[in-house]
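Student: For the sequence shown, the positions run 355 to 585 when my numbering is used. Glycine included, each C-beta is placed from N, C-alpha and C at the ideal position. Quick one: structure below, then a few questions.
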Amino acid sequence: MNKTLRFAFIKTIPVLFGYLFLGIAFGLLLQRAGYNFIWSFFISTFVFAGSMQFVLISFLGTSTSFLSIILMTLSINSRHIFYGLSFIEKFKHMGKAYPYMIFSLTDETYSLLCGTQIPSDLQEDKVFFAIASLNQSYWVVGSVLGGLLGEMIFFNTTGIDFAMTALFVVIFIEQWRSATVHIPALIGIFCGVIALIFFGASSFILPSLIFTIGLILLFRKPIQSKEEASS
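Okay, here's the thing in structure tokens:
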């Protein structure tokens with residue numbers, strides 16, 4: 355294992371456990387819907403959309419229109435637009451890896467790319483690619499395992515989706531501990547709570563992201579001043 359891959363693997367260990375667990379859940383549910391581990395492999399490899407994959411299970415074998423699926427995907431994953439915008443310049447310099455980095459930018463990968471401090475002896479683009487590809491490999495392996503286990507053993511998957519929440523908490527704590535200025539994190543918490551109150555649990559993510567980005571841009575200079583003073 356080379357130095358870049360070793361560094362990326364250590365950083366993605368929290369995602370490893372979360373994605374394996376959730377991937378297994380997806381594979382189990384897909385198998386129960388009548389689709390074996392081969393389907394799990396191809397969907398997780400070529401769709402790789404996290405929560406949208408779980409929604410996709412309910413669409414399989416139904417007469418749901420392609421347009422409805424597109425609109426549902428946009429409503430669930432529209433926050434990824436903001437993720438991509440913040441990294442588009444860095445990804446453009448990654449050559450052939452550029453399309454894959456856009457495709458593989460999940461919530462957890464985005465959090466790691468934002469919060470990981472890369473050592474001076476490693477190349478940023480190679481670390482980014484290693485993190486993204488490792489994270490997807492965890493999801494694919496988990497999905498295939500779930501499909502295989504679903505054919506042999508019965509599982510009660512009640513509450514299994516809480517692993518994603520736990521994963522976000524771990525990543526947030528790591529970023530909080532590594533950051534010298536916590537204003538952006540506090541803004542994010544504040545906006546998330548307000549959006550949750552006014553928009554409800556099913557629709558608060560996109561508004562909270564918009565509010566968070568707006569406030570961070572509004573207070574960008576004070577935040578930068580504090581970061582420079584603490585560095």
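What is the C-beta distance between Gly469 and Ile456, in whole angstroms, given that I count them as a contact (C-beta under 8 Å)?
Tutor: That pair is no contact at about 20 Å.
Student: What does the alpha-carbon distance come out to for the pair Leu374 and Arg531?
Tutor: 25 Å
Student: Please indicate yes or no: does the CB of Ser412 lie closer than 6 Å to some heavy atom of the ligand ADP?
Tutor: Among the ligands in the structure shown, none appear at all, so the ligand ADP cannot be discussed.
Student: Does the stretch 365–379 come within contact of the stretch 487–495, defined as at least 3 CB pairs closer than 8 Å?
Tutor: The stretch 365–379 is in contact with the stretch 487–495.
Student: Quick one: what's got a C-beta closer than 8 Å to Leu550's C-beta in the same chain, skipping five residues either side?
Tutor: The beta carbon of Leu550 is closer than 8 Å to those of Phe558 and Ser562 in its chain, skipping five residues each way along the sequence.
Student: Where do the N-terminal and C-terminal ends of the alpha helix (DSSP H) with Asp461 fall, by residue?
Tutor: Asp461 to Gly469
Student: Would you check if the distance between the CB atom of Ala486 and the CB atom of Thr463 is smaller than 7 Å?
Tutor: Less than 7 Å separates the beta-carbon of Ala486 from that of Thr463.
Student: Where do the N-terminal and C-terminal ends of the alpha helix (DSSP H) with Thr358 fall, by residue?
Tutor: Secondary structure note for Thr358: its alpha helix (DSSP H) is the uninterrupted segment Lys357 to Lys365.
Student: Can you tell me whether Ile397 is buried or exposed? The criterion is at least 16 other CB atoms within 10 Å of its CB, across all chains shown.
Tutor: buried
Student: Which word fits Phe552, buried or exposed, when buried means at least 16 other C-beta atoms lie within 10 angstroms of its C-beta?
Tutor: exposed
Student: By the three-class DSSP mapping on this structure, what secondary structure does Ser558 have?
Tutor: Checking the sequence, you will find Phe at residue 558 rather than Ser. DSSP places Phe558 in coil when its eight states are reduced to three.
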